[in-house]
Amino acid sequence: MRAWLFCVLPYLDVRSLLRAAEVCSDWRFVARHPAVWTHLQLQNARVSSECPHILTDRTLWLVSCYSRNLQTLVYRSSSDPVGHEVLWTLGAGCRNISSLQVAPAHPCQQPTRFGTRCLQTIGRCWPHLLSLSVGGASCSSQGLVAVVRSCSQLRRLELERITDLGLQEATELCRSGLRRLQTLILTHTPVSGQAILHFHSACSDIRSIVVEVSASDYFEDPETQEARHLFGEILGTLKVLQNRPGLSHVLQVKAEGFF
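Under mature numbering (1 follows the signal peptide of the UniProt record, and there is no 0), the letters of the sequence shown match residues -20 to -1, 1 to 239, in that order.
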């Protein structure tokens, strides 16, 4: 029986695999075997059955034990964002990760869990990262500098909902690393025009800068007339940069909820 189960269960999704483990001992053995968990994407997911299963950051402890050759990891959760202890354990077990996406999903119920210590841990555990996505209001410029200094091979960097990214922060990041950066994605991260210009001039290999913003990224009450007017001016500045020679084919600006 187990032989044909190994032929079928790898094609099931996460929910079905978890429920398959409840059928009998043979099904449980195969459903929990590492061979059927070769591809797993956890994105703010809550999985339940008669005995509820909730996918939390503790799942990554199992990943560190059973998926030693893991190369790409996407873990995004609003209820249980990854913490530095789990990242450290994952780094000890999965040294070959080259692409890591662990920015907390929004709105996050534990906004302080992912912060500077997490960024420092990422830098220590995976110095050869090629792609990284992090974010949250608790990510300080000190932590970002630490991770780009350690991960000198980064080709793709996504910063999501970082509190502020001005010229000073951009200068520190480029001074510390990002020498080989090709793609920079700023998702709901307030960024100044000067910072964008600095990234473009300092990162010689840059091919794409994507800025996705909304008025709520800049103002507590984005629906007021003043906020919409000021946000329009901010967008105007970004659009001017978008038409600047050398940036026209590099910079993409996406504005949410603005017409």
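Where is the CB? At the ideal position from N, CA and C, for every residue including glycine.
Predicted model, so just to flag it, every value in this text is computed and none were measured.
Run of the alpha helix (DSSP H) containing residue i, from where it starts to where it stops
i	result
Glu152	147 to 156
Glu203	Where Glu203 is concerned, there is no enclosing alpha helix (DSSP H), given that its DSSP letter is neither H nor E.
Arg8	5 to 11
Leu139	First-last for Leu139: 136 to 140, but that is the beta strand (DSSP E), not the alpha helix (DSSP H).
Arg160	Segment: none, Arg160 is in no alpha helix (DSSP H) and carries neither H nor E.
Ala182	173 to 182
Val125	121 to 130
Pairwise C-alpha distance: residue j and residue i
i	j	result
Gly(-13)	Asp185	Checking the sequence shown, residue -13 turns out to be Val, not Gly. Those two C-alpha atoms are separated by around 45 Å.
Thr101	Asp201	35 Å
Cys31	Asp6	With a pLDDT of only 47 at Cys31, under the threshold of 50, the placement of this residue in the model should not be trusted, and no figure is reported.
Thr18	Gln89	29 Å
Gly226	Ile189	12 Å
Asp60	Gly115	14 Å
Cys98	Arg135	20 Å
Leu158	Thr92	26 Å
Trp106	Ser78	8 Å
Arg129	Ser156	5 Å
Glu203	Ile214	15 Å
Ser118	Pro84	11 Å
Pro14	Leu(-9)	14 Å
Val43	Arg104	19 Å
Ser47	Ser194	38 Å
Leu80	Ser57	14 Å
Val127	Thr96	9 Å
Gln222	Ser181	14 Å
Trp(-17)	Arg8	14 Å
Ser113	His86	14 Å
Residues of its chain near residue i, where Cβ-Cβ distance is below 8 Å and the 5 sequence neighbours each way are ignored
i	result
Glu149	Ser121, Leu124, Ala175
His178	Leu147, Ala150, Thr151, Cys154
Met(-20)	Asp6
Gly63	Asp37, Arg93, Phe94, Cys98
Ser132	Pro107, Gly157, Arg159, Arg160
Neighbourhood of residue i by C-beta, 7 Å cutoff - its chain only, sequence neighbours within 5 removed
i	result
Asp144	Pro170
Ala11	Leu(-12), Leu(-4), Ala(-1), Ala1
Lys219	Val233
Arg187	Gln162, Thr163, Val230
DSSP-derived helix/strand/coil call for residue i
i	result
residue 242	A question about residue 242 goes unanswered here, because the residues of the chain that appear run from -20 up to 239.
Ala235	strand
Ser228	coil
Ser(-5)	helix
Asp197	helix
residue 242	What is shown of the chain runs -20 to 239, which leaves residue 242 out entirely.
The beta strand (DSSP E) enclosing residue i, as first and last residue numbers
i	result
Leu164	163 to 167
Val190	188 to 194
Nonlocal neighbours in the same chain, by C-beta distance under 6 Å from residue i, ignoring five residues either side
i	result
Asp197	His168, Pro170
Trp68	Thr101
Those runs of the alpha helix (DSSP H) which lie wholly inside the stretch 28 to 116 and span at least 4 residues:
39 to 46, 64 to 73, 96 to 105
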